Amino acid sequence: MYHYFIDAPDGFGVKYIHIHCSDLGIRGVFFADTKLSQNPNSIALACAGALNRYFQGLLFSFDLPLDMEGSAFQKKVWKKLCEIKFGEIWSYKHLAIEIGSINYSRAVGGANSKNPIPIIVPCHRVIGNNGKLVGYAGGLALKEWLLNHEKKVLNSKI
Numbered sequence: 003m004y005h006y007f008i009d010a011p012d013g014f015g016v017k018y019i020h021i022h023c024s025d026l027g028i029r030g031v032f033f034a035d036t037k038l039s040q041n042p043n044s045i046a047l048a049c050a051g052a053l054n055r056y057f058q059g060l061l062f063s064f065d066l067p068l069d070m071e072g073s074a075f076q077k078k079v080w081k082k083l084c085e086i087k088f089g090e091i092w093s094y095k096h097l098a099i100e101i102g103s104i105n106y107s108r109a110v111g112g113a114n115s116k117n118p119i120p121i122i123v124p125c126h127r128v129i130g131n132n133g134k135l136v137g138y139a140g141g142l143a144l145k146e147w148l149l150n151h152e153k154k155v156l157n158s159k160i
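Residue numbering for the sequence shown is 3 to 160, as defined by the working numbering.
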């Protein structure tokens, strides 16, 4: 396994973003305040570059190899998350409808909460059915930061 850390942007709430990869793809993205030893592979370095471009407002979608472990249902949800465009927001109900599981908003929320690759698999773009921010592995302040970042970038492009 390979590990690499990038500095988180100002105001992000943590110091580092930890990228965890296998030879097949990205296995995890974690938010950290301490940096451990690094041994990156080419995938980790490509991911680092892509994340830095995302934070600079230069990258709007990710095209990186993923090596995610999860149930078939979780993988279905995570794949659909990748279709949510930069700056777009869906509700859990909308996501459930999109994967053909209209009555499974809670299960979709559960799969969303188990997403091992936040930002790249943009679970932060999913909000509660009532329009409120709910649940995020990095905390609601980080989710709000990411949504505001995307909004600011899009507004600056107009």
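Backbone N, C-alpha and C fix where the C-beta goes; we use that ideal spot for every residue, glycine too.
Fair warning: this is a prediction, and the values are worked out from it, not measured in the lab.
Here Lys116 has Gly72 and Gln76 as same chain residues with Cβ atoms under 7 Å from its own Cβ, once five neighbours each way along the sequence are excluded. In the DSSP annotation of this structure, the continuous segment of the alpha helix (DSSP H) that includes Tyr56 starts and ends at Ser44 to Phe57.
Here the stretch 126-134 does not lie against the stretch 26-34, with fewer than 3 beta-carbon pairs under 8 Å apart. Comparing alpha carbon positions, the residue from Gly27, Ser107, Leu47 and Asp25 closest to Ile19 is Leu47.
Contact between Ala50 and Ile21 holds, since their C-beta atoms are separated by about 6 Å, short of 8 Å. Under the 8 Å Cβ criterion, the stretch 81-97 does not count as touching the stretch 5-15, having fewer than three qualifying pairs. In the DSSP annotation of this structure, Val123 is not part of any alpha helix (DSSP H), being labelled neither H nor E.
With 16 or more neighbouring CB atoms inside 10 Å of its own CB, Ile119 falls in the buried class. Shown here, Tyr94 sits in a helix according to DSSP, grouped into three states. Where Val31 is concerned, the enclosing beta strand (DSSP E) starts and stops at Ile28 to Ala34. Under the criterion of beta carbons closer than 8 Å, Gly130 and Ser93 qualify as touching, at roughly 7 Å. Where Phe14 is concerned, there is no enclosing beta strand (DSSP E), because DSSP gives it neither an H nor an E.
Going by DSSP, Ile21 is part of the beta strand (DSSP E) stretching over Tyr18 to Cys23. Counting along the chain, Glu152 sits inside the alpha helix (DSSP H) bounded by residues Leu142 to Lys159. Note that the C-beta distance between Leu26 and Pro67 is below 9 Å.
For the options Leu61, Asp69 and Gly59, the alpha carbon positioned closest to that of Ile45 is the one of Asp69.
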